[in-house]
Amino acid sequence: MIIVQSPLRISFFGGGTDFPDYYLQEEGCVLSTAIDKYIFVVIKQRYDDKLRIGYTRTEMVDQVDEIQHELIREALKLTGIKKGVEITTMGDIPAGSGLGSSSAVTVGALHAMYTFLNENVPASRLAREACEIEIERLKKPIGVQDQYISAFGGLRFIEFKRDGSIHVHPVVLEPALKRHLNESLLIFFTGVTRQADSILSEQQQNIQQRLTILREMKDMAKTAHQELLRGNVDVLGNLLHESWLLKKQLASGISNGMIEEAYQAARSAGALGGKIAGAGGGGFLLLYCPYEKREAVRKALSDMKELPFQLEPDGSKVIFNYRR
Numbered sequence: 000m001i002i003v004q005s006p007l008r009i010s011f012f013g014g015g016t017d018f019p020d021y022y023l024q025e026e027g028c029v030l031s032t033a034i035d036k037y038i039f040v041v042i043k044q045r046y047d048d049k050l051r052i053g054y055t056r057t058e059m060v061d062q063v064d065e066i067q068h069e070l071i072r073e074a075l076k077l078t079g080i081k082k083g084v085e086i087t088t089m090g091d092i093p094a095g096s097g098l099g100s101s102s103a104v105t106v107g108a109l110h111a112m113y114t115f116l117n118e119n120v121p122a123s124r125l126a127r128e129a130c131e132i133e134i135e136r137l138k139k140p141i142g143v144q145d146q147y148i149s150a151f152g153g154l155r156f157i158e159f160k161r162d163g164s165i166h167v168h169p170v171v172l173e174p175a176l177k178r179h180l181n182e183s184l185l186i187f188f189t190g191v192t193r194q195a196d197s198i199l200s201e202q203q204q205n206i207q208q209r210l211t212i213l214r215e216m217k218d219m220a221k222t223a224h225q226e227l228l229r230g231n232v233d234v235l236g237n238l239l240h241e242s243w244l245l246k247k248q249l250a251s252g253i254s255n256g257m258i259e260e261a262y263q264a265a266r267s268a269g270a271l272g273g274k275i276a277g278a279g280g281g282g283f284l285l286l287y288c289p290y291e292k293r294e295a296v297r298k299a300l301s302d303m304k305e306l307p308f309q310l311e312p313d314g315s316k317v318i319f320n321y322r323r
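Following numbering that gives the first Met the number 0, the numbering of the sequence shown begins with 0 at its first residue and continues without gaps.
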């Protein structure tokens, strides 16, 4: 039995510039962090040749092509495992909540399968092959940042180049600054999970008409990166607010009345800025809030469940490996 733990993420700036349709013509970048909420993938040998897949439902099949869980199916195809395994996925938060769970499943599944095959695969390959599965094979209308941050972990500035290369840079903060950043971030669950594909499809279709906005969002990611390196952590609050105003223009379903009401209540209570994590339309509301204003913001959003979290230094990793 092998258990792999792959982190979820919060993307601060630059989301949308990680779509291949954008960065292959203009280059893109994001500032993102892994958090200590995870997808777990368990794989174990079966006594027979069947394939058993467990998630919100259970599948028992004879052939890989019969598997309906498309991420697991394609990961099995890519790694070459054809029979005789049980695979189970579990998450710390609901799917469709904007913290990159689908990509964490794909990264974790690949990591578990390669470990099962006794192959030691680097984070760059896990991320690259997860992108291949989601974007090339399954034609998902998504970017590539989620796969890379789940595979690498940590606080990262990630650049996407015109030649297709992707460069992952660690953002190293002094312990006091890292603690200050963590204490200034709050996330609340809106109570709404959603399929992000429709929002992301519209966003993808709008890229050519939104190039000016995407360039501004890319510049904000660069600015935030530089300010963090200078130790100016609180600048992120106002930048998040400016970036949220831009992000809402990328597609029609990113925000709604409920989200706007909650965001304005948080701002009135002292939050400097924030955004909906992921595609939008629901999921988690991320807020940057001065420490002394945190209780006021919590009170203003008392009808939403807060998700306590810490920044996560590690990427996808094997946490249990038992072989007979």
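No residue lacks a Cβ here, since even glycine has one placed at the ideal position from N, Cα and C.
| request: Taking only the alpha-carbon atoms, compute the straight-line gap between Val-143 and Glu-260 and give it to the nearest angstrom. | output: 31 angstroms
| What is the DSSP secondary structure of Cys-130, reduced to helix, strand or coil? | helix
| query | When the Cα atoms are used, what is the spatial distance from Val-170 to Lys-247? | reply | Those two C-alpha atoms are separated by around 27 angstroms.
| request: Grab the span of the alpha helix (DSSP H) containing His-166 for me, first residue to last. | output: Careful: His-166 lies outside any alpha helix (DSSP H), inside the beta strand (DSSP E) at 165-169.
| Rounded to a whole number of angstroms, what is the C-alpha to C-alpha distance between Val-120 and Val-106? | Rounded to whole angstroms, Val-120 and Val-106 show a C-alpha spacing of 11 angstroms.
| Nearest-angstrom beta carbon gap, Lys-292 and Ala-268 [assumed within contact, 8 angstroms] | 7 angstroms
| query | Using CA coordinates, which residue listed in Asp-35, Val-296, Asn-231 and Gly-15 is at the minimum distance from Pro-307? | reply | Residue Asp-35 holds the alpha-carbon nearest to the alpha-carbon of Pro-307 among Asp-35, Val-296, Asn-231 and Gly-15.
| request: Can you give me the start and stop residues for the alpha helix (DSSP H) that Phe-159 sits inside? | output: Taken as a continuous stretch (DSSP letters only), Phe-159 belongs to no alpha helix (DSSP H), being part of the beta strand (DSSP E) at 154-159.
| task | Within its chain, find whatever has a CB closer than 6 angstroms to the CB of Glu-73; leave out the 5 residues flanking it on each side and keep chain order. | result | Ile-132 and Arg-136
| task | State buried or exposed for Ala-175, treating a residue as buried only when at least 16 other CB atoms are found within 10 Å of its CB. | result | Exposed.
| task | Return the residue from the list Leu-109, Phe-188, Ile-206 and Gly-280 that minimises the CA-CA distance to Gln-4. | result | Minimum Cα distance to Gln-4 is reached at Leu-109.
| Which first and last residues belong to the beta strand (DSSP E) in which Ala-33 is found? | 27-44
| According to DSSP, is Val-234 helix, strand or coil? | helix
| query | Which same chain residues, not among the five before or five after Gln-203, have their C-beta less than 8 angstroms away from its C-beta? | reply | The answer, listed in chain order, is Phe-18, Asp-20 and Pro-140.
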